[in-house]
């Protein structure tokens with residue numbers, strides 16, 4: 007069994023092999039899952055194959071540059087938080103970066119500690135742009151934002167990996183209809199076969215912990231997560 011704190015997954019695009027390896031090793035030591043690539047075309051391919059919690063993109067890369075890659079992703083409704091890492095230092099470059107959809111911008115050379123701080127800040131904001139430490143699901147059950155932990159009556163609950171991913175999706179979209187197709191895309195990578203039977207099992211497992219009333223089934227459409235606080 008995995009703990010409910012799912013590993014945050016980062017897509018790293020950096021064509022400098024030494025820097026790519028340094029960043030990858032550092033982030034993996036910090037507990038992140040890293041998919042590292044060296045050119046824009048490969049990054050483009052990986053971006054649509056899986057779900058990520060953060061994009062870390064160099065700008066001047068072979069194939070497709072980071073600006074164009076992120077601009078296209080935003081046009082295709084990919085809203086994963088993104089940080090540009092680049093040696094470009096003009097205000098115009100900074101402006102272009104934000105126009106193309108980045109959430110943060112870090113100039114080379116940078117310290118790995120600074121990079122880590124920026125990454126943690128954005129991943130936490132993946133839920134809300136508010137200074138909240140937890141989301142109250144019921145009077146006795148809370149979702150801890152920073153560590154993606156489910157706590158009931160003061161104790162951390164252990165969940166399977168897919169249940170953990172599903173709960174995170176629900177909490178981020180509280181009160182909204184989440185279509186079946188979106189859930190499948192979130193839980194299963196492109197090379198995995200999605201399963202309606204498996205999804206119903208994950209829903210059943212979550213309902214046993216947080217209550218059936220928190221996860222409402224919308225017939226032939228999807229599910230809606232509703233807190234009972």
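Numbering (my numbering), first residue to last: 7 to 235.
Idealized CB from N, CA, C, for every residue including glycine.
For residue i, the residue or residues it bridges with in DSSP
| i | result |
| --- | --- |
| residue 150 | 140, 155 |
| residue 222 | 230 |
| residue 185 | 228 |
| residue 15 | 39 |
| residue 161 | 158 |
Euclidean distance between Cα positions of residue i and residue j
| i | j | result |
| --- | --- | --- |
| residue 19 | residue 35 | 18 Å |
| residue 181 | residue 222 | 10 Å |
| residue 45 | residue 24 | 14 Å |
| residue 178 | residue 48 | 29 Å |
| residue 97 | residue 119 | 24 Å |
| residue 136 | residue 149 | Confidence at residue 136 is low in this model, with a pLDDT of 45, below 50, so its placement is unreliable and the value that follows should be read with caution. Approximately 15 Å between the Cα atoms of the pair. |
| residue 170 | residue 94 | 38 Å |
| residue 1 | residue 66 | There is no way to answer for residue 1, as the model of the chain reaches only from 7 to 235. |
| residue 167 | residue 21 | 32 Å |
| residue 156 | residue 107 | 31 Å |
| residue 214 | residue 220 | 10 Å |
DSSP three-state assignment for residue i, whether helix, strand or coil
| i | result |
| --- | --- |
| residue 166 | coil |
| residue 47 | helix |
| residue 41 | strand |
| residue 94 | coil |
| residue 88 | strand |
| residue 64 | strand |
| residue 110 | strand |
| residue 36 | coil |
| residue 125 | helix |
| residue 29 | helix |
| residue 70 | coil |
Whole-number beta carbon distance between residue j and residue i, since they are thought to touch under 8 Å
| i | j | result |
| --- | --- | --- |
| residue 38 | residue 56 | Rounded, the Cβ-Cβ distance is 14 Å, inconsistent with contact. |
| residue 112 | residue 141 | Residue 112 to residue 141, Cβ: 29 Å. No contact. |
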